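> A single structure is presented below for examination.
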Amino acid sequence: MTAASNPSEVSLTAGSSAAGNNGGQGPGRRRGRRIATIAAIVLGFLALIALLVLVAPRYVARYVANHYLAGMQIDVEGVKTIDIDIPRGEISIGPVRFHAGEADPGSVGRLGLTLSLRNLIERQALLESVVLSDLVVAIHQTGDGELIINGISLRQFLAEEAGEPAPKAENEAAPAAASGWGTGVDNLQARNVLVTFTNKDGGTAALTVQELDLRGFRSWEPNKPGSFSLVADVNGITVSATGEARPFAEKITTTSDITVDGIELQRIERFTGPLGLATSAGTVTLYAKSELALFPDSRIEGHTSTNVVLANVDVSKTDSGALKVDQGSVTVDGSFVVGENSDLSADGTVQAKLNEASGHAVGGASLALASAELGLADVAFRRTSDGAIDASARPDFFIERPAVSEPIRGNAEKIAVKASSLKFASTAEGAMTVRLDAGADGDGERLKIDLAKLALASPVEASADSIVLDVTALSADIAAIDATAPQRTTASAKATATLANASLRTAQEGAAAPIAASLAALKASLGELSLTLDGERLKMNVAPDIAAKQITVSLPQPGGGEQRIGADALDVTASPLSVEANAGRAAIAGNAEARLTSLSGALPAAGDAPAVEFAVGGAEAKLDELHLASSETGTKGGGKLNVAITDVASTWGSAPSPSPQPTARSRRAGAAPATPSAVPGGRAAAAKIAISASPFDLTQQPESTLFTTNATASLSKAQASVPAAAGEPAIEVSLENGEIALSDLGAAVKGDAVSLKAQGSSQLARFAARLPHVKDKPSADIGLDALRTRLDAVNVSQDPRGQTWDARADLQAEGISTIVEAGKLATLKMRTLSVGDVQVNSRKRIDIGRIVLDSLDVFASRAYLTGTAADDSRPKEAAETVTQASEQGWRFRLGSLGIANPAEIRLRDDSIVPNANFTVGVKALQVLNVDSGDPSQQATLRLEATINEFTDLALAGWAAPFGKAPSFDLNGRLQRLELPPLSPYAAQAIGVNVESGRLNLDVSATATQGKLNGNIDVGLRDLNFSALSPEDAARLSASVGVPIETVVGLLQDSQGRIKLKLPVSGELNSPSFDLSDAISQAVGGALQAAVLAPFQLAFAPVALIASVAGGGGMTFEPVPFEPNSSALNGTAKDMAAGLVRVLTERDKLSLKVCGRSTIQDLDAALVEAGAPASGPGRDKKAEELAGWLWSLAGERTANFRRALIDAGANARQVSECRTAYDPKDTKPPRVEVTL
């Protein structure tokens, strides 16, 4: 060591030399020497102290640092820059470089500090200044987590620092409780600090501190805040912070303003490593202002106002998706408290905003929005040390123009969510509570979700002007988990949802257009919903109330057209409705009601079915006392159902049905398009339709199902118009009231078998139908005051073997009326029609125990009766239906048919003039035992009636009409039938009027296996005719052979009676047999025999006078006279005698005699007069003789008439007809005799 560096040594050497040179000097000198020596020693000691204080520390520090670091194999450059200036209180180092092994060296440009020596006196360690600059450190994390700082193992360094613990002296005193020293930093500055950290995955975080300042931190001034400021960046992310702190106060506090700018994913990826992002653009900026206080009891209180701002965010990952945000921010403003027992509480607000944001997931949904504001106001959070939590907030969310796509595609104008206050609480044991509380604004409990202008495009097309969910009460309680009891959860809510102008469209396979639905408004309320979940047991009570306005539904059909349904309003309520479920069991109970207002719809034509349009004024369905329970063994339930539909109207047809669309093949083949077929139109309406099932019960088991009820259905003020065919007038039907009531209605399903049974009654009131005039079918008005039916039993069964059914009923119809063509053709009126003990079954059997007609009144015209025989007439069609049913195997049995009161049947023949009218009064009618299924069954018949009041008609007997060959035994009697009413028929048929006459008939007919034998006894009395005209008389004489009056005269006896016996026989099964022909032949033969008999007897000796014409009619030979003579010759006298005999036997018989002068008379008179054979003279003479020849004919008439009267004929029986002279008549002179 040099002298300069060792002054003590120098001083000692100098002192020793002086003593040697001045020995022997005096005491004064010696005293001076001693003082000098002492002074030298003191000065040397002081110099040594000064050396140790001023110079030694830096060297000691350098030596220790160098020795220590070398021992740790740390290479350090710049240890000699360590400088310690104790008088000035300064310590500094740098520049220094350090590293271990091959690692890049770290460096410290300068680290210096200034310690206030003055404050040391006051036991205050005050760093007046601390400066750190140009620090460069590289930290590397190995695979096992070890940290290496520029090649220096931090683990090794820390182990060296720890070393072996020194043994504690037995008498070592415990440290003092407090040193009493104060600490402080007046000014700490860090500049240009770079710390690079590389994690085990190779990620790097480079922290660069441009500026770090700490000022005014003194522990002896605890309530005086110190300040700090920081400007730094991490991987290019700028961090700046300023603030104040009181770290030495009893209540430690700090306030700070922090800004973090330039947060980018690329910069974060430098540390985390690649995140697999395809794009990672965008920046995040953080602004935070906070206050923090630490209390002596370890309680922490703080407040922060933080704002995170996002800009131009564009993040995407090939296998995940992408997110873009143009601008965004998150603001948190709140305070918190951490208690000494780790209790935690927080209060404040949270608000997030987004502008022009979008995102999508690969293979999933995408979302885009114009802007969004998500706010949580009045946030309050409490957590106790035992883990109990109590939290509340007032959310307020707003999203503008959100849009989603794939698999759901749609958008909305806005989505808004706002709540008064949502609260959550949980206990240490795990019990939880969620509820909606009233807000601070006094609006009460409310959670409102508002969605405006919704539009969905996939998977369905839907839109709505607004959707609002308004929750006015919400609570949920979850009990703590208890191993000894099931967990219990309860919840309640009161909410209302509304929709405005909503629509829905969804594609339908095979249809040209989608299914569409829309509504103008919808309001749905849950009422007061309550839910309890106790382990596996669920109990829920709800009272929903749903109201919809202006509803429309369109269902396109595959073949074209669409089904359309619409309603002005729909209301559905249930109050209350309870649901329970527990371990495989479930039950539901309550009351429900649904109402429809102004329902309308249209159904397109399909096949033969025409298009239909309908409208309903209102419909209401009520379900009361509903109860339904299900378990593993089945389901049981019941209730009361009532349905009412009012103001129903429907129309159909009236338009051609759509033609089938041409196929590609038909177009290629050149096929002509099909012509649409006309569909007949119709309409129907009803004031009210009601259906009730009250009560009903349902039992369902694994192998069977049973449904029972008492059901009613009613119809009031119903009308219908149904055309039979296109272009024809409609059938009009109306009904005032109708009702059917079924008691003990039961339907059962067991395996493959289905059965149905019921009993009950039905009634109709004031039924009317009008059948229009169609072609040859006349119009008809049908009326029925009442129809009552009692259903004794209805049974239907269906199983794999087939279907069986049967029914038993009684019915009674009252006030029956039928008017045909406004009464011109026919009418029918009946007070009652009773049909009793009706049985019908699937064996094609119809049994009717009895039919009773009461007060039947019928009018029928001949035109109507003739029309009923036409093939297309309605009665004929009905008969054909019966025939077809019989051919299909149906069998009919009638026990009895009768009348309760006399019936009247009025018949009018309007085909003749004047019309013929007949009134048949049925006093008694009885038909027994008619059975089409038993060919041998004899049906008995008894009829008692009158015709035109005074004619009696009776018919009795039996018949077996359904055998292969009919058999019967019938007897009939007709008494006192007045014939003048039949005069029009005589006038039409034979040209005469029946002036008087009465007919009696006795008929007996039997048939055995189709072989007919019968007799008809005809009795006529006082029959009298008059000819309509000479032409009719001549025609009749030509057809009968004599005038009709003569025929009557020939048939009547002296008392004016005519008796005929007509035998009738034949084979009824013979195709050529006609009963009318048989009767006509019998009548003709009887008449001919009766007429000819007296003449054949009277003229037997004079066969030349009387003969039968070849045509079947009877004629007389003329009475011959000699030319120019009026005297009777012998032949004339014989003929007169024969006629007198006939006239005497038939006093009503009369003759007409007519004299005739002919050409023979003229020729004889001309000869007698000497007229020339020819020429004008002859013609002139013939004219002169004409008058005489006319007189000659008159004389012949008078002479023959006188001869008849003289021989005994009554003068009234012989009359004259007009005499005649005809010069062109070439027959002999004569008198013609006619009957």
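First residue of the sequence shown? That's 1 in my numbering, and the numbers climb one at a time after it.
We put the CB at the ideal spot given by N, CA and C, even for glycine.
Keep in mind the model is a prediction, meaning the values are calculated, not measured.
1) So, using beta-carbon positions, are Ala768 and Gly783 closer together than 8 angstroms?
2) Are the beta-carbon atoms of Leu865 and Met830 separated by less than 8 angstroms?
3) If distances are taken between C-alpha atoms only, which option among Gly202, Glu250, Gly321 comes closest to Pro274?
4) Starting from the C-beta of Lys1224, find all residues in its chain whose C-beta is less than 6 angstroms away, skip the five residues before and the five after it, and write them out in chain order.
5) Name the two residues that bound the continuous beta strand (DSSP E) containing Pro1176.
6) Below 8 angstroms between beta carbons: does that hold for Val794 and Gln759?
7) Just how far apart, CA to CA, sit Val338 and Ala380?
8) Are the segment 745 to 755 and the segment 772 to 789 touching by the rule of at least three beta carbon pairs closer than 8 angstroms?
9) By a C-beta neighbour count over all protein chains shown, 10 Å radius and 16 as the cutoff for buried, is Val1258 buried or exposed?
10) Could you have a look at Lys1262 and say whether DSSP puts it in helix, strand or coil?
11) Out of curiosity, what's the CA-to-CA distance linking Ala100 and Leu277?
12) With H, G and I counted as helix, E and B as strand and the rest as coil, what does DSSP make of Pro656?
13) If we call anything under 8 angstroms between Cβ atoms a contact, is Met540 one with Leu526?
14) Return the first residue and the last residue of the alpha helix (DSSP H) that Glu406 is part of.
15) Taking one C-beta from the segment 926 to 934 and one from the segment 902 to 911 each time, how about it: are there three or more such pairs within less than 8 angstroms?
16) Given Ser842, which residues of its chain have a CB within under 8 angstroms of its CB, disregarding the five upstream and five downstream residues?
17) Report the three-state DSSP secondary structure of Lys80 (helix, strand or coil).
18) Would you be able to state if there are at least three C-beta pairs under 8 angstroms between the segment 104 to 118 and the segment 85 to 96?
19) Where do the ends of the alpha helix (DSSP H) carrying Val1167 lie?
20) DSSP state of Ala428, grouped into three classes?
21) Could you pull out every residue in the same chain whose Cβ sits closer than 6 angstroms to the Cβ of Ala547, ignoring the five residues on either side in sequence?
22) Out of curiosity, what's the CA-to-CA distance linking Gly24 and Lys80?
23) Contact between the segment 350 to 360 and the segment 318 to 326 is defined here as three or more beta-carbon pairs at a separation below 8 angstroms; is this criterion met?
24) Any idea what DSSP makes of Leu265, helix, strand or coil?
25) Among Val542, Gly561, Ala569, whose alpha-carbon lies nearest the alpha-carbon of Gln550?
26) Beta-carbon within less than 6 angstroms of Ala629's beta-carbon, same chain only, minus the 5 sequence neighbours each way: which residues are those?
27) Evaluate Thr114 with the Cβ neighbour count: other Cβ atoms within 10 Å of its Cβ, from every protein chain shown; 16 or more gives buried, anything less gives exposed.
28) To the nearest angstrom, how far is the alpha carbon of Ala480 from that of Lys317?
29) Jot down the residue ranges of each uninterrupted alpha helix (DSSP H) in the segment 932 to 1017, minimum 4 residues, whole runs only, in chain order.
30) Touching or not, the segment 405 to 417 and the segment 376 to 391, by the rule of three or more beta carbon pairs under 8 angstroms?
31) DSSP three-state label for Phe767, please.
32) Hey, which unbroken runs of the beta strand (DSSP E) at 3 residues or more fall wholly within the segment 576 to 606?
33) Using a Cβ-Cβ cut-off of 8 angstroms (strictly less than) and excluding sequence neighbours within five positions of Arg1218, which residues of its own chain qualify?
34) Excluding the 5 residues flanking Ser129 on each side, which residues of the same chain have their C-beta closer than 6 angstroms to its C-beta?
35) Give every residue of the same chain whose Cβ lies closer than 6 angstroms to the Cβ of Lys448, excluding the five residues on either side of it in the sequence, and list them in chain order.
36) Using three-state DSSP, classify Ala822 as helix, strand or coil.
Result, derived from the coordinates:
1) As a first step, residue 768 must be located in the sequence shown, where it is residue number 768. As a first step, residue 783 must be located in the sequence shown, where it is residue number 783. The answer is yes: Cβ separation under 8 angstroms.
2) As a position in the sequence shown, residue 865 is number 865, starting the count at 1. As a position in the sequence shown, residue 830 is number 830, starting the count at 1. For Leu865 and Met830, no; Cβs fall outside 8 angstroms.
3) To locate residue 274, count along the sequence shown from 1; it is residue 274. Checking every option, the nearest Cα to that of Pro274 belongs to Gly202.
4) Translated into positions along the sequence shown, residue 1224 becomes position 1224. Correct list: empty, nothing qualifies.
5) Indexing the sequence shown from 1 puts residue 1176 at position 1176. From DSSP, Pro1176 is part of no beta strand (DSSP E) but of the alpha helix (DSSP H) over 1176 to 1206.
6) Taking the first residue of the sequence shown as 1, we reach residue 794 at position 794. Taking the first residue of the sequence shown as 1, we reach residue 759 at position 759. Yes, the Cβ-Cβ distance between Val794 and Gln759 is below 8 angstroms.
7) On the sequence shown, position 338 is the one that residue 338 refers to. On the sequence shown, position 380 is the one that residue 380 refers to. Each residue's alpha carbon lies about 14 angstroms from the other.
8) no
9) Past the edges of the chain, shown from 1 to 1235, lies residue 1258, and the structure says nothing about it.
10) Not covered by the structure: residue 1262. The range shown for the chain is 1 to 1235.
11) Translated into the one-based positions of the sequence shown, residue 100 becomes position 100. Translated into the one-based positions of the sequence shown, residue 277 becomes position 277. Rounded to the nearest angstrom, the two C-alpha atoms are 37 angstroms apart.
12) As a first step, residue 656 is located in the sequence shown; it is residue number 656 there, counting from the start. Here Pro656 scores only 44 on pLDDT, less than 50, and its place in the model is too uncertain to base an answer on.
13) The sequence position of residue 540 within the sequence shown is 540, counting from 1. The sequence position of residue 526 within the sequence shown is 526, counting from 1. Contact flag unset, no.
14) What you label residue 406 is simply residue 406 of the sequence shown in a count that begins at 1. Premise fails: Glu406 is in no alpha helix (DSSP H) and is neither H nor E.
15) no
16) Here residue 842 is taken as the residue at index 842 of the sequence shown, counted from 1. If we look at Ser842 and ignore the five residues flanking it on each side, its Cβ neighbours are Gln803, Thr804, Trp805, Asp806.
17) Taking the first residue of the sequence shown as 1, we reach residue 80 at position 80. Looking at Lys80 - three-state DSSP - the assignment turns out to be helix.
18) yes
19) As a working mapping, residue 1167 is identified with position 1167 in the sequence shown. 1159 to 1168 is the extent of the alpha helix (DSSP H) around Val1167.
20) In the sequence shown, counting from the first residue as 1, residue 428 sits at position 428. If DSSP states are grouped into helix, strand and coil, Ala428 belongs with coil.
21) One-based indexing of the sequence shown puts residue 547 at position 547. For Ala547, where only same-chain residues beyond five positions count, the Cβ hits under 6 angstroms are Lys523, Asp571.
22) In the sequence shown, counting from the first residue as 1, residue 24 sits at position 24. In the sequence shown, counting from the first residue as 1, residue 80 sits at position 80. Below a pLDDT of 50, predicted positions are generally treated as unreliable, and Gly24, at 48, falls in that range; no measurement from the model is reported.
23) yes
24) Here residue 265 refers to the residue found at position 265 when the sequence shown is read from its first residue. DSSP places Leu265 in helix when its eight states are reduced to three.
25) Here residue 550 refers to the residue found at position 550 when the sequence shown is read from its first residue. Looking at the Cα atoms, Ala569 is the closest of the given residues.
26) On the sequence shown, position 629 is the one that residue 629 refers to. The residues are Ala587, Lys636.
27) Reading the sequence shown from its first residue, position 114 is the one you call residue 114. Result: buried.
28) Numbered from 1 along the sequence shown, position 480 holds the residue referred to as residue 480. Numbered from 1 along the sequence shown, position 317 holds the residue referred to as residue 317. C-alpha separation (whole angstroms): 43 angstroms.
29) 983 to 990
30) no
31) Counted from its first residue, the sequence shown places residue 767 at position 767. Phe767: strand per DSSP, three-state reduction.
32) 585 to 603
33) As a working mapping, residue 1218 is identified with position 1218 in the sequence shown. Closer than 8 angstroms at the Cβ level, and outside the excluded window around Arg1218, lie Cys1154.
34) Translated into the one-based positions of the sequence shown, residue 129 becomes position 129. Excluding positions up to five away in sequence, the list reads Thr114, Asn187.
35) On the sequence shown, residue 448 is found 448 positions in, with the first residue counted as 1. Answer for Lys448: Lys418, Asp470, listed in chain order.
36) As a working mapping, residue 822 is identified with position 822 in the sequence shown. Ala822 falls in the helix class under three-state DSSP.
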